[in-house]
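See below for the structure under consideration.
Numbering (the numbering used here), first residue to last: 168 to 209.
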């Protein structure tokens, strides 16, 4: 309990995890879109 009072780090960690997940999803979507565009060019 005292640790949570001293350092509210878990909150920032949660936000970082959410941002990382969003970045990963965005990169996957962009990558898949690029692959589909490349296949469409063929």
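From the three backbone atoms N, C-alpha and C, an ideal C-beta is built for every residue, glycine too.
Checklist entry - In whole angstroms, what separates the C-alpha of residue 202 from that of residue 188? => result Walking along the chain shown from the start, residue 202 turns up at place 35. Walking along the chain shown from the start, residue 188 turns up at place 21. Those two C-alpha atoms are separated by around 21 angstroms.
Checklist entry - By how many angstroms is the C-alpha of residue 194 removed from the C-alpha of residue 183? => result The residue given as residue 183 occupies position 16 in the chain shown. The residue given as residue 194 occupies position 27 in the chain shown. So the two alpha carbons sit approximately 16 angstroms from each other.
Next on the checklist: In whole angstroms, give me the CA-to-CA distance for residue 191 and residue 199.
Outcome noted: Numbered from its first residue, the chain shown carries residue 191 at position 24. Numbered from its first residue, the chain shown carries residue 199 at position 32. Rounded to whole angstroms, the gap between the alpha carbons of residue 191 and residue 199 is 12 angstroms.
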